[in-house]
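Heads up: the sequence shown runs through residues 2 to 286, numbered per this note's numbering. Beta carbons: idealized from backbone N, C-alpha and C, even for Gly. In what follows, a single structure is set out as structure tokens and then discussed.
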Amino acid sequence: MAGYAVLMVVGAIVAAVSAPAPPARWERSAPVTTATGLPVAYAVPITFGDLGPRLVAAGVIDPERFTMATTGGRSLTADEQRILDGTFDGQFIVDASSAGFLLNFLWAAGLANDNPVLTSGRMASSGDIGRFAATGGWTVGTRPGAELYASIPLVTLSPTQQARLEAVADAVYRPCCDNPTSFPDCNHGMAMLGLLTVMASEDAPENAMLDAARWVSALWFPPQAAISGAYSNQADGQDWSSEDPAALLSRAQFSASGQRKVAAVLASLGVLPDAAGYGAGCSLG
């Protein structure tokens, strides 16, 4: 019996030692940041795989129209072209120059993917699907955005992955409107849905999904991220890089109405960062 107990203990130790460590890709990333914690560049932690070719094949992306709208006439970079071709196998570095490409590519993915957030969520029950910026504004496919909406099984999630996606989507707001990612009625919302869906499909934990949303949101909305980060700094001494991303991206701090309120507080204290307005455009470009 004693020998059996020893074997049990040894077995437990061996099991503990040999248990796989969490994937390094989901460890908290440390992008290059400014003095206030805002990102300069960030390695997006998703695998693009064959998303590009599938979006092109389904008519969601017309390569020529997409490139023109995304770049304003320049060619795509080598990495951007490889993502569109399905031959990219690294980590895409997003910065000020590539944020527009990432936004538009993930917009396409979020728009076209058949997911309950789109088929059973608030957008589905809000009337004419084509009236939203996320659908009516998508003009670089071979069909109207309303026809492409939730039209292909691009990324399929398990029930657990879907629950994780919906929890994070409910928590992440954007300053161009008052809606969370679970109501992706504009390009930024649909693109964030695309990012979070791919991360959920790769079994990213919620904290990693929120962390990615933190960095990508700051590159899509630099002035608004500066305001939210400054507010956290006044409230608890944290900045954009160290504060809980759920607080930074919350309705209270990162929605359009939340931004107005926190900006007013910062202005009253004389510490409002320079920011060109509190909204952001939701069109292609």
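Paired residues, beta bridge with Thr-34 - DSSP:
One-based indexing of the sequence shown puts residue 34 at position 33. DSSP lists Pro-40 as partners of Thr-34.
Sort Ile-62, Pro-117, Ser-258, Gly-271 by Cα distance to Ala-170 and report the nearest one.
Position 169 of the sequence shown, counting from 1, holds the residue named residue 170. Comparing Cα-Cα distances from Ala-170 to each of Ile-62, Pro-117, Ser-258, Gly-271, the minimum goes to Pro-117.
Scan the region 69-150 and note each continuous alpha helix (DSSP H) run of 4 residues or more that stays entirely inside, going in chain order.
Listed in chain order, they are 79-86, 100-113, 117-120, 134-137, 146-149.
Per-residue DSSP class, three states only, for Val-45:
The count along the sequence shown starts at 1 and reaches residue 45 at position 44. Under the three-state reduction of DSSP output, Val-45 falls in the strand class.
Which same chain residues, not among the five before or five after Ala-70, have their C-beta less than 8 Å away from its C-beta?
Taking the sequence shown and counting its residues from 1, one reaches residue 70 at position 69. Contacts found: Asn-105, Thr-140, Val-141, Leu-285, Gly-286.
Within this structure, are the beta carbons of Gln-225 and Phe-184 separated by less than 8 Å?
Sequence index remark: in the sequence shown, residue 225 carries index 224 (1-based). Sequence index remark: in the sequence shown, residue 184 carries index 183 (1-based). Cβ atoms of Gln-225 and Phe-184: not closer than 8 Å.
Nearest-angstrom Cα separation, counted from Asp-245 out to Arg-175
The sequence position of residue 175 within the sequence shown is 174, counting from 1. The sequence position of residue 245 within the sequence shown is 244, counting from 1. Cα atoms of Arg-175 and Asp-245: separation of roughly 16 Å, rounded to the nearest angstrom.
Residues of its chain near Met-210, where Cβ-Cβ distance is below 6 Å and the 5 sequence neighbours each way are ignored:
Reading the sequence shown from its first residue, position 209 is the one you call residue 210. These residues qualify, in order along the chain: Val-169, Leu-197, Met-200.
Same chain, Cβ closer than 8 Å to Val-272, five either side skipped, listed in chain order
Locating residue 272 in the sequence shown gives position 271, where the first residue counts as 1. These residues qualify, in order along the chain: Ala-231, Gln-235.
Thr-37 versus Pro-223, Ala-247, Asp-63, Phe-93, residue with shortest Cα-Cα distance
As a position in the sequence shown, residue 37 is number 36, starting the count at 1. Of the listed residues, the one whose Cα sits closest to Thr-37 is Pro-223.
Quick check on this structure: which residue in Ser-218, Ser-159, Thr-143 has the alpha carbon closest to the alpha carbon of Cys-177?
Within the sequence shown, residue 177 is the residue found at index 176, counting from 1. Ranking Ser-218, Ser-159, Thr-143 by CA distance to the CA of Cys-177 puts Ser-218 first.
Look at Gln-162 and Ser-202 and say whether their C-beta atoms are less than 8 Å apart.
Within the sequence shown, numbered from 1, the residue matching residue 162 stands at position 161. Within the sequence shown, numbered from 1, the residue matching residue 202 stands at position 201. Their beta carbons are under 8 Å apart, which means Gln-162 touches Ser-202 by this criterion.
Which partner residues of Ala-153 appear in the DSSP bridge assignment?
Here residue 153 is taken as the residue at index 152 of the sequence shown, counted from 1. First, the amino acid is wrong: residue 153 is Ile here, not Ala. In DSSP, Ile-153 forms a bridge with Asn-114.
Straight-line Cα distance separating Leu-77 from Gly-60:
Position 59 of the sequence shown, counted from the start, is the residue given in the question as residue 60. Position 76 of the sequence shown, counted from the start, is the residue given in the question as residue 77. Taking the Cα positions, Gly-60 is about 19 Å away from Leu-77.
Got a sec? Which residues, its chain only, sit under 7 Å from Asp-240 by beta carbon, not counting five neighbours each side?
The residue given as residue 240 occupies position 239 in the sequence shown. For Asp-240, where only same-chain residues beyond five positions count, the Cβ hits under 7 Å are Thr-37, Gly-38, Gly-230, Ser-233, Asn-234.
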